[in-house]
Amino acid sequence: MFPRVTMPRFLTLVFLAALLLPTTLWAEETTKLTLPESPDIRIIVDISGSMKETDPNNLRQPAVRLLARVLPEGSTAGVWTFGQYVNMLVPHGEVNEGWRETAINRSGKINSVALRTNLGKAIETASDDYVTGGTLENTHFILLTDGKVDISDSDDVNRAEEKRIVSKVLEPLVARGATFHTVALSDQADAGFLKTLADKSKGSFRTADTAEALNLAFLGALNTAAPQEQIPIEGNAFTVDAGVKEFTALIFRGSAKTGEAAESAGLEMIGPDGKALAQSSAPDNVRWAREAAYDLVTITEPQSGEWRVKGALGEGSQVTVVSDLRMVVSQIPPTFTPESPINVRVGFFEKADRITSPEFLDVLSVKLSLMSEDGSSGSKTLSVDSSPEEGEYSDTISKLPAEGVYRIDIVADGKTFARKFTATTEFILPVGMIEPAIGAPIDISLAEQSGQALPPEPEPEIQPEPQSEPEPQPQPEPKTQPAPVKPADPAPAVEAEPVDEPSVESALPFPLWMIGAGAGALVVLALILILLMRNRRASPDAADAAGEDPESLEDLQQEMADIEAEVPVVMAEEEPAEEDIPTATAVVEPEEEIPELVEPVNEDDDEEFGLDEFELSEFDDLPSEHEPENEPDDKPKK
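Going letter by letter, the sequence shown gives residues -27 to -1, 1 to 611 in mature numbering (1 follows the signal peptide of the UniProt record, and there is no 0).
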């Protein structure tokens, strides 16, 4: 019997393990950090006639040259221009020195002479299977335009073309892996349409308010499409470690807007040996490109140590490196929400091998920082006391103080080297959700106040002692309670004294409802004792009748209901009987004092809770100023 019982169970476990193992392995594979593949970049530039106004200095040319110079080695790229027709400015191919030279030379052909804005045709041409080889995995389109889709004088035709681009052109490309990063160069551009292209393809959307901002917009799109290894800049200095084979310093000069101003800027690089490098005296291992808005300096086999920049560093300046030691960061989505947070993962590789050695990881300091467009920032340390499992640092970004675009910087400091990763993302709140920076603290504070005001309700049990404090707390409840509560029945009675009794009874049950039937039993016992006392004083026959009453509970209950209206009379007769039943007087005496407590209840209610000071109606989880009247109605129903 033993083998018969265990064998089926064993086979079942083996079967379940066989089913779960592929899923587990698949999950591990999808979450495992690997070296990124070389990207494929397609640059599409608008050359319509409207560019004469939005880009009068034709700064699209240096922006394209910037991309050509900073595209990572080994990637593939191509450049297309479009107006009414589409032209392949730079043939699609592997990025090397020859491709860069071709792109730089042909960038001078970018102009503003086209008549139309045939955006759909440009996308179709740049994504043709002849160029792509049938796949668009890891392919990113960087699209620049300053206007709307314009293929006809008819607005209806142009709107129909936009719909065709989204449904017939974009969706099939996205299904094959394409991503679009769109840049609007003016307010005249159809920002909504361009953002739709980016959102549907999980790409990024940027607006260049001026032509001078085009460089930063192009660079940001490229960093999103193909993040590159960087080293941090502190002040005007950065440290190059011995493992760096080449570095490229991109230095933006915000004050230089013309070629003449750029020439007079006098930017220099100071090496670790103290020698200054300039464009005019650059050695053979230095390539120095100067544009109106930036300098791009590439140095192969650089000296290790601290390098300094002599000159003003503008926004967007960065230093990228080529090294066997690489910091790899998981993909940062262009947008995220609280329901779809960013899962940040950071790992380190030596050539193609992941570094898991505790000797290396224990000396690392990995810090993540966020900066909003208004300059607000915050940081968090990802590294812990012990080296992370499998050499991977991780964290989750789910909520930020407010909606908007944020820059994410991840900096790793290893004492002898440093690496930096930069990306931008946009935090979006779902429709109807309150920003956490506004709603959270207010909700908590008000919830605490309301929570403190409600529990003290049972405290009025000892009403004779804290008459001033506990009274205001149950006060809003007695206001509305006489309507639904049974004690309203004796109210029609003409007698003035019974009218006070129901108010006493209505006040007693509410604070005693949390105690349960115990308080009710005490009241019943007191009434029974009063009844027995009255019957004994009447006559021996009445005493016999009183003896029969306890035998029938239903009769006693009916008599108790009748006695409630006569209780004040009984109380007057009860005083000489205090010697026989002292306990009955102890219960009845506080009942006479309670009606006096009902009068201040309505006056101190609002002062205690301060309802006028808090707008509780703004929060769904808290009662509004009008809700206290309905709140007591619910409680008696329970």
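Note that the Cβ used here is the ideal one computed from N, Cα and C, for glycine as well.
Apart from the 5 residues on each side of it in sequence, G320 sits with its Cβ closer than 7 Å to the Cβ of L6, V301, R327, G364 and E365 in its chain, given in chain order.
Taking one beta carbon from each stretch, the region 45 to 64 and the region 77 to 91 have 3 or more pairs nearer than 8 Å; the two touch.
Remark: C-beta atoms of G351 and S342 approach each other more closely than 8 Å. Assignment of R226 by DSSP, reduced to helix, strand and coil, places it in the coil class. For P64, the enclosing beta strand (DSSP E) starts and ends at V59 to E67.
Residues of the same chain with a CB within less than 6 Å of the CB of L355, apart from the 5 flanking positions on each side, are V339, L341, Y366 and D368 in chain order.
The beta carbon of N196 sits closer than 8 Å to the beta carbons of T395, A396 and T397 from its chain, once the five residues preceding and following it are set aside; these are given in chain order. Measuring C-alpha to C-alpha distances from A265 to each of L39, V357 and E279 identifies L39 as the nearest.
Here L88 is exposed: its Cβ has fewer than 16 other Cβ atoms, across all protein chains shown, within 10 Å. The residues F211, V384, A391 and K393, in chain order, have a CB closer than 7 Å to that of P205 in the same chain once the five nearest residues on each side in sequence are set aside. Restricting attention to E323, E70 and P256, the CA atom closest to the CA of V217 is found in E323.
The shortest CA-to-CA distance from W280 to any of E288, G289, G287 and V270 is the one to V270. Around the C-beta of L498, fewer than 16 other C-beta atoms lie within 10 Å, and the residue is accordingly described as exposed. Boundaries cannot be given for A251, as no alpha helix (DSSP H) includes it and DSSP labels it neither H nor E.
Residues R299, V301, F322 and A325 of the same chain have their beta carbon placed closer than 8 Å to that of L8, with the five preceding and five following residues left out of the count. A Cβ-Cβ contact shorter than 8 Å links G150 with L109.
Taking a C-beta distance under 8 Å as the contact criterion, S100 and V68 do not qualify as a contact pair.
Under DSSP, D297 takes part in no beta bridge, so it has no partner.
For S345, the secondary structure class from DSSP, reduced to helix, strand or coil, is strand. Inside the region 134 to 212, DSSP marks whole alpha helix (DSSP H) runs of 4 or more residues at positions 144 to 148, 164 to 173 and 187 to 198, from first to last along the chain.
Following the DSSP letters along the chain, one finds L92 inside the alpha helix (DSSP H) bounded by residues L92 to A99. By the C-beta density criterion, E70 is exposed, having fewer than 16 other C-beta atoms within 10 angstroms.
Going by DSSP, N78 is part of the alpha helix (DSSP H) stretching over E70 to R79. Just measuring C-alpha positions, the residue of N258, A222 and D257 sitting nearest E241 is A222. Between K248 and the set D268, A262, Y267 and P275, the nearest pair of CA atoms involves P275.
Secondary structure note for L32: it is in no beta strand (DSSP E), with a DSSP letter that is neither H nor E. The region 286 to 300 makes no contact with the region 246 to 262: fewer than 3 CB pairs, one atom from each, lie closer than 8 Å.
Beta bridge pairing from DSSP links F309 with F400. Within the same chain, Cβ atoms closer than 6 Å to the Cβ of T27 are found at D119, L158 and S159, the five residues on either side in sequence being excluded. Three or more Cβ pairs closer than 8 Å define a contact, and the region 176 to 193 falls short of that threshold against the region 129 to 145.
DSSP places A375 in the coil class of the three-state scheme, outside both helix and strand. A residue is called buried when at least 16 other Cβ atoms come within 10 angstroms of its Cβ; A162 meets this threshold and is buried.
Counting along the chain, V86 sits inside no alpha helix (DSSP H), nor does DSSP assign it H or E at all. Between V292 and F220, the gap from beta carbon to beta carbon is short of 8 Å.
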